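The sequence shown begins at 118 in my numbering and counts up by one.
Each residue gets a CB set at the ideal place from its N, CA and C atoms; glycine is no exception.
Just so we're clear, the structure is a prediction, and the values are computed from it rather than from any experiment.
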Amino acid sequence: MAITFLHTLALFVLSINLANCQSFIGVNYGQVADNLPPPSSTTKLLQSTSIQKVRLYGSDPAIIKALANTGLGIVIGASNGDIPGLASDPSFAKSWVGANVSPFYPASNIILITVGNEVLTYGDQGLISQLVPAIKNVQDALTSLSLGGKIKVSTVHSMAMLKHSEPPSSARFDPGFGDVIKELLGFNNATGSPFAINPYPYFAYRSDPRPETLAFCLFQPNNGRFDSNTNIKYMNMFDAQVDAIRSALDSIGFKGVEIVVAETGWPYKGDDNEVGPSVQNAKAYNGNLIAHLRSMVGTPLMPGKSVDTYLFALYDENLKPGPVSERAFGLFKPDLTMNYDVGLSKSSQTPTTPATPSTPTTPSTPPTPANPSGPKPKKGSYCVPKAGVSDSQLQANIDYVCGHGFDCTPIQPGGSCFEPNTVKSHATYAMNLLYQTAGRNPWNCDFSQTATLTSNNPSYDSCNYPGGSTKDV
């Protein structure tokens, strides 16, 4: 199958963008397995990718040592079982930090300590009441070693801590967590530590297995979901889930607390009765998520930046109980080869475009002609939407362009072309941006036959479209 000029250009643009470190892409390194490669081999694997951060669920000294002098950010964890001791005895917290941090830092770039995992939704009231004291004692132990401002301390939360999350703007924390969540967020706010969450669009699809939900979860063309409170149309579940947390934080006065995605992923196989696991879906979710993060589009409530996101997971964990899917989230096999390619390798960082639903269609262009020296448009041509194209298809065009590394800053809030804030206006800018950047060839203004060329310059006021200005060309 011929590669279109559009895809070739996307590869080129992404290769330029990826030359710089992308600190927002991390991975979870679980160890509930008996067949994993040695830490030294894993370190070499990580260095061959664009992954910049690694999250451990514990504090295995062999792994922390192996990651020394790599520059990779390291998250280590104190288990739920450690919380009572950390909470009740400051000396225990000091000894924990002395054993798990001091011998390795700063050669091993430990950036965050997570105290417990999904404690608030675990259901153990005793553990919940001890969570914040444990976190504070670990923070004090770091401070006593002059590391308080260098290594952050937090915990990790399930999305189930939200009472409801749809639409995102209405999301609020379960009032049952009232005092604890406010005390915890007060600590996050005072120390600059992140609020870490585990959003899984996969689980959202399992509870609503319709084709349109799958497309929404996999970042594929769909009709979107409209939030009438903010007039925002969400085009993927990841943004909706992250913005739900943002709304919940903002609603109780913690607008300055940063969000980190501690886990997210999709299984590539499952039991016969499991809905959703497949190589195709896993590749689509993780590959499109990575492209979305690299685009720096952000979420509607946090535009222009990408939240730190730790993919789940580096390897399958063959000793995990439960359905097959629990043991099939790994990006890599124990022999260090890929289960499927999502474009993380430095030598091949753009995955094959995953399959998408048929309606609305994926923006595409015809193959590059065998003789590309044929007639080209005259100077002053612009690529714009055809009349009558649906907003859902135009949004798919926007997502395609902005998700493939093109600079869509002008159509983000505050940008010179954000107003008028309509899908058609933003799509016109995005489609023309790709057309002009790709060399202004007719086959780069196709977008599944939803685009056409015009000599009329669509620039207006201070919004200057690529290829022209507010003056006639």
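| query | result |
| --- | --- |
| Status (buried if at least 16 other CB within 10 Å, exposed otherwise) for N488 | Note that N488 scores 38 on pLDDT, short of 50, meaning its location in the model is unreliable; the coordinates nonetheless yield the value given after this. When all chains shown are included, N488 counts as exposed. |
| Span of the beta strand (DSSP E) around R172 | K170 to L173 |
| Host beta strand (DSSP E) of N538 (start-end) | N538 -> no beta strand (DSSP E), and no H or E assigned at all. |
| Sheet register partners of K182 (DSSP bridge) | According to DSSP, K182 bridges with nothing at all. |
| Limits of the alpha helix (DSSP H) - the one that T330 falls within | P328 to C334 |
| Collapsed DSSP secondary structure at I162 in the structure displayed | In the sequence under discussion, the amino acid at residue 162 is Leu, which differs from the Ile named in the question. In this structure, L162 counts as helix in the three-state DSSP scheme. |
| A504 in three-state terms, based on DSSP | coil |
| Buried versus exposed call for N346 [16 or more other C-beta atoms within 10 Å across all chains shown] | exposed |
| Distance between P575 and S310 (C-alpha atoms, nearest Å) | 45 Å |
| C-alpha distance - E536 paired with Q512, whole-angstrom precision | 16 Å |
| Exposure of S176, with buried meaning 16 or more beta-carbon neighbours within 10 Å | buried |
| Close beta carbons around G532, own chain, < 7 Å, minus the five adjacent residues each side | T526 |
| CB of P384 within 8 Å of CB of N152, strictly | no |
| Residue(s) in a DSSP beta bridge with A313 | V273 and V377 |
| Three-state secondary structure assigned by DSSP to N549 | helix |
| Bounding residues of the alpha helix (DSSP H) (the contiguous stretch that carries A204) | I200 to S205 |
| Inter-residue spacing [alpha-carbon to alpha-carbon] between C138 and S165 | Because the pLDDT of C138 is 49, which lies under 50, any placement of that residue in the model is unreliable, and the number read from its coordinates should be weighed accordingly. Between C138 and S165, the C-alpha separation is close to 13 Å. |
| Reference A150, options D389, D325 and R444, closest by Cα | R444 |
| Straight-line Cα distance separating Y174 from F446 | 16 Å |
| H274 classed as buried or exposed, judged by whether at least 16 other C-beta atoms fall within 10 angstroms | buried |
| Residue closest to L232, alpha-carbon to alpha-carbon, out of A210, S225 and N226 | The amino acid occupying residue 232 in the given sequence is Val; Leu does not appear at that position. For the residues A210, S225 and N226, the minimum Cα distance to V232 belongs to A210. |
| Integer-rounded CB distance, given that L406 should sit under 8 Å from F355 | 6 Å |
| Residue range of the beta strand (DSSP E) that includes R342 | R342 to D344 |
| Helix, strand or coil at F446 [DSSP, three-state] | coil |
| C-beta contact flag for L448 and N398 at 8 Å | no |
| Own chain partners of G373 with C-beta closer than 8 Å, once the 5 adjacent residues on each side are dropped | N306 |
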